[in-house]
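Here the sequence shown is numbered in UniProt numbering, starting from 1 and rising by one per residue. Every residue, glycine too, gets a C-beta built ideally from N, C-alpha and C. Worksheet: one structure, shown below.
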Amino acid sequence: MSKQPLSVAVIGAGMAGRSHAAGYRQVNTVFGEGLPPIRLAAIADVNTELAEDAARRYGFENAVAGWEEIVEDPSIDAVSIVVGNDLHRPIAEALVRAGKHVLCEKPLAGSMADAEAMVAVERSAEVVTAVGYTFRRSPAIAAIRDHVQAGELGETTLFNGRYWCDYATDPRGPLSWRYKGGPGSGALGDIGAHIIDVGEFVCGPIESVSGAALSTTIPKRPLPLGAVVGHNAAPVSDEVGEVENEDTAVFTARFRSGLTGVFSVSRTAFGMPNGLGFDVCGLSGRASFDWHRPAEYVFDDAQPEARTRGARQVIAGPQLPYFAGGYPMQAPGNGGGNAEMFVYQCRAFLDQIVGTPDPLPACASFADALHTMRVIQAVVASAQAGGAPVDVS
């Protein structure tokens, strides 16, 4: 293991940016040896007060106002991009040209053209490039994937995935960048990208979609008077602007395996603060997961004794992926959540960079995230064609 520190930085000091910062801070506290000392170099944000606060909270050395300062700093090795989607491409291209490793948040970019350009950069890059599909690091979700891949559910027959959130239920919520962009860039791109990736992570690639419908429940929102951080409320003016993308999206999908999938996403689902969940059914078993209960999942299969058959709760413990070595108290029932998944994601990213001898599973690539965007593009095309089937290009 090298004793030369590996310097990391985060561009974006909002909600998800802080999760990346916290993740880097803890990467050497989990799993085995293999990483060098991690230098927490800098956090960048145009909101300098926010950057300074994040740097103080998570122990980063510097807070800077512009991402260009991160690009130009030769001492920084690896960078997370956690800003608005339209900024991903120019920042990623500049970082790769500067020889820095890049972990980019999802969705990959603000447009298909930008996403395709980023994949072209990835192909020619001599650095590690990765995308933050954090739910892949859930012990319960990873365990369900193992059940499916081992054939323990039999031939799979249905995947029903949903990601329902309530962050947009208030009509007085400010018109932030999340409500700008064309169809597919709203709930579908924001939270739908996650559940699409989970569906493919568990069941394999999606080849076509159909029956899509997009809707916008709140067509106008007040303009903010200042910076909007994450999904937080902010002072607003009496002037309103048009919401340009969808609050809700539903569609069906055909996986390469022949499996049928049903997906629904919404940012206006009251009482669902972070409602990612799914069910996967087969001819001889099924499994279900609900992110609001992240330390468990439901499993059912054809037990030999009919009198004791039925769904059973599987409590997260060292028998699940990531649990052993990933929690300070490694006893069953001590569930984790969002923070741990970001730690594992950052650790996997750095494992890829340094080539640790026993690495975590690699992060998704830019190419993987481009495929997700193509699924989203197909959903939009299906909705515009009245629900007609559309192949994922």
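Check                                                                                                      : Outcome
Three-pair Cβ contact test at 8 Å for the stretch 101-110 versus the stretch 125-133                       : yes
Pair within 8 Å by beta-carbon distance, A9 and I81                                                        : no
For Q313: DSSP bridge partner residues                                                                     : V298
Within 8 Å, strictly: CB atoms of R172 and P222                                                            : yes
Cβ-Cβ distance between N245 and G325 below 8 Å                                                             : no
Spatial distance of T252 from A388 (CA atoms)                                                              : 11 Å
C104 - DSSP class collapsed to helix/strand/coil                                                           : strand
Same chain, Cβ closer than 6 Å to P332, five either side skipped, listed in chain order                    : I315, G317
Selected residue, minimal CA-CA separation from P139, among F270, F323, E305, A92                          : F323
Cβ neighbours of S382 in the same chain (closer than 8 Å, five flanking residues each side left out)       : V209, S210, G211, A212, F251, A388, P389, V390
CB contact flag (G161, G17, <8 Å)                                                                          : no
Exposure of A385, with buried meaning 16 or more beta-carbon neighbours within 10 Å                        : exposed
V199 vs F263 beta-carbon contact at 8 Å                                                                    : The sequence shown places Gly at residue 199, rather than the Val named in the question. Yes, the pair counts as a contact, with Cβ atoms nearer than the cut-off.
Validate contact between the stretch 137-156 and the stretch 289-296 using beta carbons, cut 8 Å, 3 pairs  : yes
Beta-bridge pairing of K220 - partner residues as DSSP gives them                                          : E242
Residues sharing a beta bridge with W164, DSSP                                                             : S266, G275
Contact under 8 Å by Cβ, I70 with V79                                                                      : yes
F159, buried or exposed, once every other Cβ within 10 Å from all chains shown has been counted against 16 : buried
Cβ-based burial, D238 [other Cβ within 10 Å; buried from 16]                                               : exposed
Those residues which DSSP pairs with F289 across a bridge                                                  : F278
Touching by the beta-carbon criterion (3+ pairs, under 8 Å), the stretch 172-181 and the stretch 343-350   : no
Stretch-stretch touch, CB-based, cutoff 8 Å, three pairs: the stretch 112-129 with the stretch 142-156     : no
Continuous alpha helix (DSSP H) assignments of at least 4 residues falling wholly in the stretch 44-90     : 48-58, 67-72
L214, enclosing beta strand (DSSP E) - first and last residue                                              : 206-215
Residue from L35, L87, G181 whose Cα sits closest to the Cα of V46                                         : L87
Under 8 Å between C-beta atoms of Y327 and N338                                                            : no
Residues near L214 in its chain [Cβ-Cβ closer than 6 Å; skip 5 each side]                                  : P183, E246, A249, A383
Collapsed DSSP secondary structure at V236 in the structure displayed                                      : strand
Opening and closing residue of the beta strand (DSSP E) in which residue 400 lies                          : Since the first residue shown for the chain is 1 and the last is 393, residue 400 is missing from the structure and cannot be characterised.
Identity of the residue in L35, V30, H20 nearest F60 by Cα                                                 : H20
N- and C-terminal bounds of the beta strand (DSSP E) containing A253                                       : 248-255
Endpoints, alpha helix (DSSP H) assigned at V229                                                           : No alpha helix (DSSP H) holds V229; DSSP gives it neither H nor E.
Within 8 Å, strictly: CB atoms of A367 and Q352                                                            : no
Exposure label - Q377; buried when at least 16 CB within 10 Å                                              : buried
Secondary structure of R172, DSSP reduced to three states                                                  : coil
Inter-residue CB distance, A125 and V96 (contact presumed, cutoff 8 Å)                                     : 5 Å
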